[in-house]
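Only one structure is covered here, and it is reproduced in the block below.
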C-alpha cells in the first residue's frame, strides 16, 4: 500500500498599497457593489480583508 503525501501550500500574505486600498473603497462607495464582487475582481485573498480595508479607510477619511 502506497503512502500519499499531502502537500500543503502556504498562502502568501499580501501587503496592499494605500492607493490600491483607496481605489477599492472608492469603487465600493460609488458603484455600490458587493464585498464578494470586489474580492473576486481584485483577487484579494481573504473575504475579511475587504472588510478591514473599508473599515480602516472609511473611518479615517470621514474625520
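Residue numbers (my numbering): -7 to 55.
Heads up, the beta-carbon is just placed ideally off N, CA and C, and yes, glycines get one too.
Since the structure is predicted, the reported quantities are computational estimates derived from the model, not experimental observations.
Boundaries for residue 4: no alpha helix (DSSP H) harbours it, and the DSSP string shows neither H nor E there.
Per the coordinates, the alpha-carbon of residue 39 lies some 26 Å from the alpha-carbon of residue -2.
Note on geometry: alpha-carbon atoms of residue 30 and residue 0 lie some 27 Å from one another. Shown here, residue 17 sits in a helix according to DSSP, grouped into three states.
In the structure shown, the three-state DSSP call for residue 26 is coil.
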